[in-house]
Amino acid sequence: MDEKTATNGLGVTNRKRKFSEDDDGSFGLVTDSSVFNSKERALKVTKFAKIADIDRVRAKKYLRVNRNDLDLAINHYFDDPELFKPMDPITIVLRGSDKFTLPHDLFISALDRFDSLVEAGEILYSPSDPERTKYDGFEFEFRIVPAMGSKPLLAANDPGRSHPQGPFVNPDPAFVLANVGTAHVLELNKFCVFRPMLILHTAQYSEQEDDLDASDLTAAWLTLQTIKEPQIVLYNCGVDSGSSQGHKHLQFWPHPDLDNPFYLPPDGKDLPSDAPTMLPELPYQHWVVGIPPKATAVGLIESYFVLLKKAREALGKEDGEAAAYNLLFTRVWMIIIPRTQKGYEGLNANGAGMLGSVWVKDKKEREEWTKHGMTEHLTRLGLPVANELPVEK
């Protein structure tokens with residue numbers, strides 16, 4: 001059997017686990033006596049830890065979980081077979097990872113802390129007046145936010161892109177709102193367009209060029225469900241996606257703004273949850289799915305890997321190669337946008353900008369968007385839509 005190795009991504013242990021590729025092309029977890037109490041148990045769990053119908057080469061991503069937590073999940077399985085039906089690796093991760101809990105008043109405390117830090121000058125934020133315009137049938141909302149001029153943007157060759165550096169390595173306790181399990185930290189964003197903006201980052205350093213794993217998405221989904229006010233989540237993967245930091249992190253902000261709502265292209269659409277599709281108003285390649293009302297983190301993870309496979313194919317990236325893309329999701333939809341460059345002639349855009357919510361530091365930068373042709377500029381940063389690709393009607 002061809003053995004592959006995967007390193008635990010939670011930072012709890014440096015132990016490596018092996019995956020073996022079976023004759024049918026699926027992956028099973030190769031175990032040893034230090035992990036499980038008996039060879040028989042190891043064989044039974046291996047049987048259930050199969051990958052099917054999802055990107056198999058990335059199976060290791062599903063199982064980035066503390067060895068002890070994984071053992072706990074398996075003990076539960078054998079103690080209560082009715083509770084744990086035969087499991088795929090995603091379910092093992094979710095059932096076996098530490099209990100993710102967040103305070104029910106999370107958003108209220110975030111607002112209180114946010115306002116205090118703004119008053120102290122620690123968070124850069126001031127309300128902005130939106131400018132809304134339509135270009136080639138595409139709705140844009142521009143906000144002039146001086147704080148964007150102060151936000152550090154790491155170059156592609158900056159050591160912080162590949163080594164543990166930056167504000168998330170030892171976060172300022174004044175900004176930290178909660179630990180989400182043992183693997184993630186939720187804190188306030190220092191450079192804000194909306195009140196408030198949050199960041200969910202890995203507790204131990206992981207690169208922003210890495211894809212999300214089950215633990216990342218579980219933590220994000222719990223945070224999204226805990227905050228009752230509507231939110232959007234953004235992951236800018238890779239330098240060419242417009243990411244500013246090298247430490248893996250997702251961003252949250254209120255969406256839509258209930259006082260003055262601006263709706264993004266996927267909002268209000270009747271989107272299928274089982275078949276990625278494209279929206280006619282977007283001039284670049286992308287794929288979007290709906291998220292059912294009773295969706296769980298498992299469903300979110302499955303949708304992500306289906307979309308990720310589409311993005312990789314569009315970019316011509318082999319499994320294991322770094323791929324740049326923007327991922328955005330709410331409680332009702334998820335979209336992925338393959339990226340080829342972070343900007344053109346100094347005019348950058350992250351995932352929010354690709355959907356028409358553009359944050360600029362001053363009027364001059366705003367004028368550059370008109371000069372470059374708004375939708376034409378977005379297409380330069382992604383991949384143009386091919387005529388043969390299906391679009392949402």
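If you count the sequence shown from 1, position 385 lands on 385 in full-length UniProt numbering, and the numbers rise without skipping. For every residue, glycine included, the Cβ atom is placed at its ideal position computed from N, Cα and C.
Determine the contact status of Tyr284 and Leu222, defining contact as a CB-CB distance below 8 Å.
As a first step, residue 284 is located in the sequence shown; it is residue number 284 there, counting from the start. As a first step, residue 222 is located in the sequence shown; it is residue number 222 there, counting from the start. Contact flag unset, no.
Going by C-alpha distance, which of Asp105, Ser116, Gly149, Tyr135 is nearest Ser364?
Along the sequence shown, read from residue 1 onward, the residue named residue 364 stands at position 364. Residue identity differs from the one stated: residue 364 is Lys in this sequence, not Ser. The shortest Cα separation from Lys364 among Asp105, Ser116, Gly149, Tyr135 belongs to Gly149.
With H, G and I counted as helix, E and B as strand and the rest as coil, what does DSSP make of residue 397?
Missing from the structure shown is residue 397; the chain here goes from 1 to 393 and no further.
Could you check the C-alpha separation between Thr202 and Gly137 for me, to the nearest Å?
The residue labelled residue 202 in the question sits at position 202 within the sequence shown. The residue labelled residue 137 in the question sits at position 137 within the sequence shown. If I take the Cα positions, the gap works out to 38 Å.
Assign Glu302 to one of two classes, buried (16 or more other C-beta atoms within 10 Å of its C-beta) or exposed (fewer than that).
In the sequence shown, residue 302 corresponds to position 302, counting from 1. Buried, by the Cβ-count rule.
Per DSSP, Ile227 is paired with what?
The count along the sequence shown starts at 1 and reaches residue 227 at position 227. Partner(s): none; Ile227 has no beta bridge.
Compute the Euclidean distance between the alpha carbons of Val176 and Glu187, then round it to the nearest angstrom.
Mapped onto the sequence shown, residue 176 falls at position 176. Mapped onto the sequence shown, residue 187 falls at position 187. Rounded to the nearest angstrom, the two C-alpha atoms are 4 Å apart.
How should Asp213 be labelled, buried or exposed, when 16 other C-beta atoms within 10 angstroms of its C-beta is the threshold for buried?
Mapped onto the sequence shown, residue 213 falls at position 213. When all chains shown are included, Asp213 counts as buried.
Looking only at its chain, what residues have a beta carbon closer than 6 Å to the beta carbon of Leu327, apart from the 5 residues adjacent to it on each side?
The residue given as residue 327 occupies position 327 in the sequence shown. If we look at Leu327 and ignore the five residues flanking it on each side, its Cβ neighbours are Tyr235, Ile336.
Since Ala178 is in the beta strand (DSSP E), which residue starts that stretch and which ends it?
Looking up residue 178 in the sequence shown gives position 178. Start and end: 176–180.
Please report the residue range of the beta strand (DSSP E) in which Met334 lies.
Within the sequence shown, residue 334 is the residue found at index 334, counting from 1. Taken as a continuous stretch (DSSP letters only), the beta strand (DSSP E) holding Met334 covers 333–338.
Applying the 10 Å Cβ sphere with the 16-neighbour rule, what's the burial state of Glu131?
Taking the first residue of the sequence shown as position 1, residue 131 is located at position 131. Exposed.
Could you have a look at Val118 and say whether DSSP puts it in helix, strand or coil?
The count along the sequence shown starts at 1 and reaches residue 118 at position 118. Residue state, collapsed to three classes: helix.
What alpha helix (DSSP H) runs, 4 residues minimum, are completely inside the UniProt domain "ATP adenylyltransferase C-terminal" (280–384)?
Whole alpha helix (DSSP H) segments, 4+ residues: 297–315, 351–354, 363–372, 374–381.
Going by DSSP in three states, Ile108 sits in which element: helix, strand or coil?
Residue 108 sits at position 108 when you count from the first residue of the sequence shown. Looking at Ile108 - three-state DSSP - the assignment turns out to be helix.
Name, in chain order, the residues that DSSP records as bridge partners for Leu124.
Within the sequence shown, the letter at position 124 stands for residue 124. Looking at the DSSP assignment, Leu124 forms a beta bridge with Phe191.
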